[in-house]
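Visitor: If you count the sequence shown from 1, you need to add 41 to reach my numbering. Even glycine gets a Cβ: it sits at the ideal position worked out from N, Cα and C.
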Amino acid sequence: MENSSSKPRRRFTPEQKYEIIRDIEYYPTIREGLVKHGINSGLFYKWKRQLAVGINASLRNTKPLKSPDLKKLEEENRKLKEVTLSQSLTLAPYEKEAIEKTKEEYPHLRRRQIQGILQNKGISHHHLKSLNLVEPYERRPSPLKEPRYTIWRKNLMWGCDWSKLRINYTRWYLLIIIDFFSRYLVAWDICPSVNSSPITRIYKAGLKSEGIKKGVKPELRVDRGSSNTSLITQEFFTLMGADLSFARVRRPTDNAPTERFFGTAKQEEIYVVGNYPDKRSAREEIGKYRDFYNNERPHQSLWNFTPALVHEMNNNTVLLEKLTQLKYEAKMKRRFYWEGKRI
Numbered sequence: 042m043e044n045s046s047s048k049p050r051r052r053f054t055p056e057q058k059y060e061i062i063r064d065i066e067y068y069p070t071i072r073e074g075l076v077k078h079g080i081n082s083g084l085f086y087k088w089k090r091q092l093a094v095g096i097n098a099s100l101r102n103t104k105p106l107k108s109p110d111l112k113k114l115e116e117e118n119r120k121l122k123e124v125t126l127s128q129s130l131t132l133a134p135y136e137k138e139a140i141e142k143t144k145e146e147y148p149h150l151r152r153r154q155i156q157g158i159l160q161n162k163g164i165s166h167h168h169l170k171s172l173n174l175v176e177p178y179e180r181r182p183s184p185l186k187e188p189r190y191t192i193w194r195k196n197l198m199w200g201c202d203w204s205k206l207r208i209n210y211t212r213w214y215l216l217i218i219i220d221f222f223s224r225y226l227v228a229w230d231i232c233p234s235v236n237s238s239p240i241t242r243i244y245k246a247g248l249k250s251e252g253i254k255k256g257v258k259p260e261l262r263v264d265r266g267s268s269n270t271s272l273i274t275q276e277f278f279t280l281m282g283a284d285l286s287f288a289r290v291r292r293p294t295d296n297a298p299t300e301r302f303f304g305t306a307k308q309e310e311i312y313v314v315g316n317y318p319d320k321r322s323a324r325e326e327i328g329k330y331r332d333f334y335n336n337e338r339p340h341q342s343l344w345n346f347t348p349a350l351v352h353e354m355n356n357n358t359v360l361l362e363k364l365t366q367l368k369y370e371a372k373m374k375r376r377f378y379w380e381g382k383r384i
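(1) Three Cβ pairs or more, each shorter than 8 Å: is that satisfied between the segment 210–220 and the segment 268–281?
(2) Determine the direct distance from the alpha carbon of E138 to that of F222, and round the result to whole angstroms.
(3) Compare the beta carbon distance of N196 and P259 with 7 Å and say whether it is the shorter of the two.
(4) Skipping 5 residues on each side, what residues in its chain have a beta carbon closer than 7 Å to that of R289?
(5) Would K254 be called buried (16 or more neighbouring beta carbons within 10 Å of its own) or exposed?
(6) Alpha carbon to alpha carbon, how far is K363 from T279? Give it in angstroms, no decimals.
(7) Would DSSP call L150 helix, strand or coil?
(8) What is the C-beta distance between I218 and Y190, in whole angstroms, given that I count them as a contact (C-beta under 8 Å)?
(9) Take the Cβ of D264 as the centre, count every other Cβ of all protein chains shown within 10 Å, and call the residue buried at 16 or more, exposed below.
(10) For A323 versus N335, is the C-beta distance shorter than 7 Å?
(11) Of the residues R331, P298, P69, which one's Cα is nearest the Cα of D230?
(12) Mapping the DSSP letters down to three states, classify E309 as helix, strand or coil.
(13) With a 10 Å radius around its C-beta and 16 neighbouring C-beta atoms as the bar for buried, classify D319 as buried or exposed.
(14) Taking the beta strand (DSSP E) that V263 falls in, what are its first and last residues?
(15) With a threshold of 6 Å (Cβ to nearest heavy atom), would Q275 be considered close to the ligand NAD?
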């Protein structure tokens, strides 16, 4: 016996299915769209699979199947593909109106810039996504546009990291602390493994070398390795009254001065030697390179001054005045040289 209270099943054409799918995806959540159209989630995703299968089958130029049901499904998929190709470039009326209004407000901007403004407002987001013009995730803000900190003097922020080196064909680690203001190598150590003990030891060595006993301690920028995030390390910095600043995930630029030092040290010292015979030789050679790096090697980001000079002066204004004086002296030397040549 048939149930008289059951509702008659609705049938949709491929065009109607596509329009419903597109309209549901415009809602903030899929659930809201399903409730609005009175469709369950299983049917919605079944239609989407049919649409994807139809497009893939047509692209592969598959032969028609013999089963009547599969033939019918293939025909619906073919129609869905045609509807998709014909309507993928269409815009809703409110989208067109928003685009024209944005063009009038920003006549000096180009198409890509206008597209970015619309995307940030959430307008025509689905249309841009269907054309593969929208990224699948929201990008993190660039640190260059909005700097999170300004290092204006020495011992304000230090960076700590470690890198591998070979001693007697065994892996050891070079652990350093570098000043973010002057790029001065404050402290360094060589250890067979890195845990909380070398981190705390090298920080105390840096404080001792700089003569910092009281007052505000330098903030230490580190990555999110287990040695830095351990409870022992965090308790140590809490007792010392110092801040432990963690770099963001997949953001090596947050600890850029430290990473840049290791790139330079590897090219000029570690990779040149390759393998140190013993720990004593490694300490002597790396100690010599540390003195060369701090006192003799000019640094491009420091206007070609040495880190030791910048660390000693501790004043960007004085450095710029000295740089201006050096440029003037070099200019006058060239002038006198060529005037002498003319005579």
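Guide: According to the structure data:
(1) Flag = no, the segment 210–220 and the segment 268–281 do not touch.
(2) Within the model, the alpha-carbon separation for F222 versus E138 is close to 51 Å.
(3) In this structure, P259 lies closer than 7 Å to N196 by Cβ.
(4) Answer for R289: D295, listed in chain order.
(5) Exposed, since its Cβ has fewer than 16 Cβ neighbours within 10 Å.
(6) When rounded, the distance between both Cα atoms is 40 Å.
(7) Coil, per DSSP.
(8) Actually they do not touch by this definition, with Cβ atoms about 17 Å apart.
(9) So D264 counts as buried.
(10) No, the Cβ-Cβ distance between A323 and N335 is not below 7 Å.
(11) Checked all of R331, P298, P69; the closest Cα to D230 is R331.
(12) Residue state, collapsed to three classes: helix.
(13) By the 10 Å Cβ count, D319 comes out exposed.
(14) 260–263 is the span of the beta strand (DSSP E), which, as asked, contains V263.
(15) The ligand NAD is absent from the structure shown, which contains no ligands of any kind.
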